[in-house]
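Engineer: My questions all concern the structure below.
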Amino acid sequence: MMRLLTGDGPIYQQLADRVAEDILAGTFSAGSHVPSTNEYAAFYEISPITASKGLNLLVEQGVLHMKRGVGMFVTDDALTVLQARRRTEFREKHVLPLIREARLLHIAKDEIAEMIDQEDDR
1 MMRLLTGDGP IYQQLADRVA EDILAGTFSA GSHVPSTNEY AAFYEISPIT
51 ASKGLNLLVE QGVLHMKRGV GMFVTDDALT VLQARRRTEF REKHVLPLIR
101 EARLLHIAKD EIAEMIDQED DR
């Protein structure tokens, strides 16, 4: 059977990223229960230890919290925490390289904005 976590990087990080993506997309909202370590392990065909490591990464980031004997839940601040992190990543991975390239090509800000509008209208 094909493993569903096939991206780059450690499997636990891929799981953490997948859960974070689900929170950003609204699949899991603040206060909602997320699947257990064992459920993720079975679904993605990974070790429960690996699944636990991925979920605990989100606990450390303040995205999930554990209620003993009940399970993992999305924190009230999860969306804000994830959006802030993703905005920083977006700036570093996309905006800064865009600005550097635009400067090399002498493309003005208004021209970049126009390009973005054109692509957004597609």
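Residue numbers are given in UniProt numbering: position 38 of the sequence shown equals residue 38, and the series is strictly consecutive.
Think of the CB as a built atom: it goes at the ideal place given N, C-alpha and C, for glycine as much as any other residue.
Remember, it's a predicted structure, so these values are computed and weren't measured experimentally.
CB-CB under 8 Å to Asn38, same chain, minus the five flanking residues each way: which ones, in chain order?
Structural biologist: The beta carbon of Asn38 is closer than 8 Å to those of Pro48 and Ala51 in its chain, skipping five residues each way along the sequence.
Engineer: Buried or exposed for Phe43, please, with buried defined as at least 16 other CB atoms from any protein chain shown within 10 angstroms of its CB.
Structural biologist: Exposed: under 16 other Cβ atoms inside 10 Å.
Engineer: Would you call Leu15 buried or exposed, if buried means 16 or more other Cβ atoms sit within 10 Å of its Cβ?
Structural biologist: buried
Engineer: Just list the residues that DSSP pairs Val74 with in beta bridges.
Structural biologist: Leu64
Engineer: Whole angstroms are fine: how far does the CA of Asp22 sit from the CA of Asp117?
Structural biologist: Near 27 Å, if we compare the C-alpha coordinates of Asp22 and Asp117.
Engineer: Buried or exposed for Gly54, please, with buried defined as at least 16 other CB atoms from any protein chain shown within 10 angstroms of its CB.
Structural biologist: buried
Engineer: Which first and last residues belong to the alpha helix (DSSP H) in which Leu104 is found?
Structural biologist: Leu96 to Leu105
Engineer: Does the structure place the stretch 65 to 77 close enough to the stretch 25 to 33 that three or more beta carbon pairs sit under 8 Å?
Structural biologist: yes
Engineer: So Ala20 and Val59 are supposed to be a Cβ contact under 8 Å. How far apart are they, rounded?
Structural biologist: Actually they are not in contact, since the Cβ atoms of Ala20 and Val59 sit about 12 Å apart, beyond 8 Å.
Engineer: For a quick check, are the C-beta atoms of Ile11 and Leu5 less than 8 Å apart?
Structural biologist: yes
Engineer: How far does the alpha helix (DSSP H) with Asp8 in it extend, from its first residue to its last?
Structural biologist: Note, Asp8: premise wrong, no alpha helix (DSSP H); not H, not E.
Engineer: Could you tell me the boundaries of the alpha helix (DSSP H) in which Thr37 lies?
Structural biologist: Here the alpha helix (DSSP H) through Thr37 covers Thr37 to Tyr44.
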